[in-house]
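Asker: Per the UniProt record's numbering, the sequence shown starts with residue 1, numbered consecutively. Let me give you the structure first, and then I'll get to my questions.
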Amino acid sequence: MTTRRLDDWSARDLRAVAAEHGTPTYVQDLDRVRANYERLDDAFPDARIHYAVKANAGRAVLKALREVDAGAEAASAGEVARALDAGFDPSEIHYTPVNPPDRDLDPILNGPTSGLTVTVGSRDLLDRLDARGFDGRVCLRVHPGVGAGHSEDVATGADAKFGVPAEDATTVLREADARGFDVVGVHAHVGSGMLTEEDVEAHREVVEVIAGIARDSPVDLEFVDVGGGFGVPYRESEEALDLDAVANATRDALADVDADLVVEPGRYLVADAGVLLAEVVSTKPTGDAVVAGADAGMTELLRPALYDAYHPIRSLARDAHDRPTRTVTVVGPVCESTDVLADARDLPRPAVGDLLAVGNAGAYGIEMASNYTSRPRPPVVAVEGDDTRIVRERETMDDLLRFERD
Ligand code: LLP
């Protein structure tokens, strides 16, 4: 099964989780995470797969991926710490900080993390690493000038914030080598959520840019890292990403490049392995439409409010099939108009007490959750074989008050 749709989840199992742990609650299926890894590994048999921790940094997820031999891509010192905590060896971690402050460099360069690879996206970061006496493994992040993704907001390849301009890459590689760094790779990332043929074409262009740099490289490179961005369908009408097409485009573009291939997917590995459970706490019928107020919203799942992202949603009410269909807008508990989980969907008429499941919530879900309006973040329940267990506790009011001082 290449795509796991929301309907493929067992309503009975999800109801059991909600009965035991309450709502809102995230559910993460670790078997599905591993299966996603295997599918990617089949499509890219020669690649090293570094999981982009930012998609879901839960320890259980990290451990599941570590067990199947993934490496890690960490975007911050905190993510490096989490990867180490989950058992990744420093040599399996690529640290790709964006504008890191010194406090995010020092512990990493001098701590128990020696051996990790630092992906450098600006010349002055090389200066700062040099000033700290770091002469370890460095990968150069290139700004390819081509982006793609589910929204312009995440088409990072087109954003000069990330990476050094492609035309400067050879010079910077030479400089880095001359300064004594162990220059091991070049990196570029098209953006997040590639799904269409057009997106795959943009990915190919990005890989061609780094392939050109790798071919002309003044230093022998151990790897080229073509980033992540492998999308999953969120709308029922969307087709799954053609992974073989991505793999072929990548391989073609890298013809004659003598270096290992690294990919760093986040979303693809975890998105469809996660569901957010919420309960309907109010309904407001307005003609044929209904506004259903849920106990989860932008604080639990920010993506709809932030990117206008679409997530599938399903009623898990036992008699859902017997109810008439209504145009339902599901809103959250936060006093913001953008706090909408699902806008004008055809759903069984909602009633107070119904359980709702929001699909594809495994990536950038709990990770982007916030405490806005002093809402404790929800727990995460992992499902693995017959085992269902809590892997992140529900936050409490005490947790929220813990950092306050008079
Ligand atoms: N590598 C780099 C350098 C990245 O910047 C990212 C994502 C990834 C890998 C992983 O991308 P993925 O395979 O997950 O698409 N919060 C947004 C997504 C932002 C992604 C930023 N970078 C969302 O919820 O859609």
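Where a beta carbon is used, it is the ideal one built from N, C-alpha and C, also for glycine. Values in this document were obtained by computation on a predicted structure and should not be read as measured data.
Three or more beta-carbon pairs under 8 Å between the region 313-332 and the region 217-233, yes or no?
Answerer: Output reads no: the region 217-233 does not touch the region 313-332.
Asker: Is the beta carbon of Val340 less than 9 Å from the beta carbon of Val352?
Answerer: On the sequence shown, residue 340 is found 340 positions in, with the first residue counted as 1. On the sequence shown, residue 352 is found 352 positions in, with the first residue counted as 1. No, these two residues do not count as a Cβ contact at 9 Å.
Asker: According to DSSP, what are the bridge partners of residue 416?
Answerer: Absent from the model: residue 416. The displayed extent of the chain is 1 to 406, so no value can be given.
Asker: Give a yes or no on whether the C-beta atoms belonging to Ala52 and Ala75 are separated by under 9 Å.
Answerer: Along the sequence shown, read from residue 1 onward, the residue named residue 52 stands at position 52. Along the sequence shown, read from residue 1 onward, the residue named residue 75 stands at position 75. Yes.
Asker: Which stretch, first to last residue, makes up the alpha helix (DSSP H) that contains Tyr51?
Answerer: Translated into the one-based positions of the sequence shown, residue 51 becomes position 51. Per DSSP, Tyr51 belongs to no alpha helix (DSSP H); it is in the beta strand (DSSP E), 47-52.
Asker: Between Lys54 and the ligand LLP, is the CB less than 8 Å from at least one heavy atom?
Answerer: For the purposes of this step, residue 54 is identified with residue 54 of the sequence shown, where counting begins at 1. Checking every heavy atom of the ligand LLP against the Cβ of Lys54, one is found closer than 8 Å.
Asker: Does Leu116 come out as helix, strand or coil in the three-state DSSP assignment?
Answerer: Locating residue 116 in the sequence shown gives position 116, counting from the first residue. Reduced to three states, the DSSP call for Leu116 is coil.
Asker: Give a yes or no on whether the C-beta atoms belonging to Val262 and Ala47 are separated by under 9 Å.
Answerer: Residue mapping note: residue 262 aligns to position 262 of the sequence shown, counting from 1. Residue mapping note: residue 47 aligns to position 47 of the sequence shown, counting from 1. Taking 9 Å as the Cβ cut-off, Val262 and Ala47 qualify as a contacting pair.
Asker: For Arg405, is the classification buried or exposed, using 16 other Cβ atoms within 10 angstroms of its Cβ as the cut-off for buried?
Answerer: For this step, residue 405 is matched to residue 405 along the sequence shown. It is exposed - the Cβ of Arg405 has fewer than 16 other Cβ atoms within 10 Å.
Asker: Could you name each continuous beta strand (DSSP E) segment of 3 residues or more that falls completely within the region 67-143, going from the start of the chain to the end?
Answerer: Complete beta strand (DSSP E) runs here, min 3: 71-74, 93-95, 117-120, 137-143.
Asker: Look at the Cβ atom of Gln28, then the Cβ atom of Ala273, and state whether they are nearer than 9 Å.
Answerer: As a first step, residue 28 must be located in the sequence shown, where it is residue number 28. As a first step, residue 273 must be located in the sequence shown, where it is residue number 273. Cβ distance < 9 Å, so Gln28 and Ala273 count as in contact.
Asker: Cβ atoms of Ala296 and Leu277: under 9 Å apart, would you say?
Answerer: Reading the sequence shown from its first residue, position 277 is the one you call residue 277. Reading the sequence shown from its first residue, position 296 is the one you call residue 296. It is a contact, given that the beta carbons lie within the stated cut-off.
Asker: Can you name the residues that DSSP bridges to Ala278?
Answerer: Looking up residue 278 in the sequence shown gives position 278. Leu356.
Asker: Would you say the beta carbon of Glu92 comes nearer than 8 Å to a heavy atom of the ligand LLP?
Answerer: Taking the sequence shown and counting its residues from 1, one reaches residue 92 at position 92. It does not: the Cβ of Glu92 is nowhere closer than 8 Å to a heavy atom of the ligand LLP.
Asker: Label Cys139 either buried or exposed according to how many other C-beta atoms from any shown protein chain fall within 10 Å of its C-beta, with 16 as the threshold for buried.
Answerer: For the purposes of this step, residue 139 is taken as residue 139 along the sequence shown, with counting starting at 1. When all chains shown are included, Cys139 counts as buried.
Asker: Note down, in chain order, each residue of its chain lying with its Cβ closer than 8 Å to the Cβ of Glu393, except the 5 sequence neighbours on either side.
Answerer: Here the question's residue 393 lines up with position 393 in the sequence shown. Answer for Glu393: Pro379, listed in chain order.
Asker: Thinking just about the alpha-carbon of each residue, which of Arg389, Asp399, Leu400 is nearest to the one in Arg59?
Answerer: The residue given as residue 59 occupies position 59 in the sequence shown. Ranking Arg389, Asp399, Leu400 by Cα distance to Arg59 puts Arg389 first.
Asker: Out of Val146, Glu222, Val224, which has the shortest C-alpha to C-alpha gap to Asp199?
Answerer: Taking the sequence shown and counting its residues from 1, one reaches residue 199 at position 199. Ranking the options by Cα distance to Asp199, first place goes to Val146.
Asker: Spell out whether any CB of chain C is found under 9 Å from the CB atom of Ala245.
Answerer: This model lacks chain C altogether; it includes just one protein chain.
Asker: In angstroms with no decimal places, state the Cα-to-Cα distance between Ala382 and Ala35.
Answerer: Residue 382 sits at position 382 when you count from the first residue of the sequence shown. Residue 35 sits at position 35 when you count from the first residue of the sequence shown. Answer to the nearest angstrom: the Cα atoms are 15 Å apart.
Asker: Beta carbon of Gly58: closer than 8 Å to some heavy atom of the ligand LLP?
Answerer: Position 58 of the sequence shown holds residue 58. Flag unset: Cβ of Gly58 not near the ligand LLP.
Asker: Can you tell me whether Ser192 is buried or exposed, with buried defined as 16 or more other CB within 10 angstroms of its CB?
Answerer: The residue labelled residue 192 in the question sits at position 192 within the sequence shown. Buried is the call here.
Asker: Does the ligand LLP have even one heavy atom less than 8 Å from the beta-carbon of Ala309?
Answerer: Position 309 of the sequence shown, counted from the start, is the residue given in the question as residue 309. Because some heavy atom of the ligand LLP lies under 8 Å away, the Cβ of Ala309 counts as near it: yes.
Asker: Kindly list the residues whose CB is nearer than 6 Å to the CB of Ala148, restricted to its own chain and excluding five residues on each side of it in sequence; keep chain order.
Answerer: As a working note, residue 148 is residue 148 in the sequence shown. Ala155, Val190, Gly191, Met194, Asp199, Ala202.
Asker: Run through the DSSP bridge pairs and tell me what Leu261 is partnered with.
Answerer: As a first step, residue 261 is located in the sequence shown; it is residue number 261 there, counting from the start. Leu261 pairs with Ala47, Val224.
Asker: Flag this pair as yes or no: are the beta carbons of Ser122 and Leu173 separated by less than 9 Å?
Answerer: On the sequence shown, position 122 is the one that residue 122 refers to. On the sequence shown, position 173 is the one that residue 173 refers to. Contact: no.
Asker: Return yes when the Cβ of Arg375 is within less than 9 Å of the Cβ of Pro333, no when it is not.
Answerer: To locate residue 333, count along the sequence shown from 1; it is residue 333. To locate residue 375, count along the sequence shown from 1; it is residue 375. It is a contact, given that the beta carbons lie within the stated cut-off.
Asker: Where Asp260 and Glu205 are concerned, what is the direct C-alpha to C-alpha distance, given to the nearest angstrom?
Answerer: The residue you call residue 260 lines up with position 260 of the sequence shown. The residue you call residue 205 lines up with position 205 of the sequence shown. Each residue's Cα considered, the two are about 19 Å apart.
Asker: With H, G and I counted as helix, E and B as strand and the rest as coil, what does DSSP make of Tyr37?
Answerer: Locating residue 37 in the sequence shown gives position 37, where the first residue counts as 1. Three-state DSSP puts Tyr37 in a helix.
Asker: Could you round the C-beta distance between Arg137 and Val118 to whole angstroms and report it? I think they count as a contact, below 8 Å.
Answerer: For the purposes of this step, residue 137 is identified with residue 137 of the sequence shown, where counting begins at 1. For the purposes of this step, residue 118 is identified with residue 118 of the sequence shown, where counting begins at 1. About 7 Å separates the two Cβ atoms, so the contact holds.
Asker: Tell me whether Ala363 counts as near the ligand LLP, meaning its Cβ is closer than 8 Å to at least one heavy atom of that ligand.
Answerer: Working through the sequence shown from its first residue, we reach residue 363 at position 363. Under cutoff, so the answer is yes.
Asker: Return helix, strand or coil for Gly157, following the three-state DSSP convention.
Answerer: Along the sequence shown, read from residue 1 onward, the residue named residue 157 stands at position 157. Three-state result, Gly157: helix.
Asker: Look at the Cβ atom of Gly362, then the Cβ atom of Tyr37, and state whether they are nearer than 9 Å.
Answerer: As a position in the sequence shown, residue 362 is number 362, starting the count at 1. As a position in the sequence shown, residue 37 is number 37, starting the count at 1. Contact flag unset, no.
Asker: Starting from the Cα of Pro90, find the closest Cα among Ile108, Val98, Asn99 and give me that residue.
Answerer: Along the sequence shown, one-based indexing puts residue 90 at 90. Checked all of Ile108, Val98, Asn99; the closest Cα to Pro90 is Ile108.
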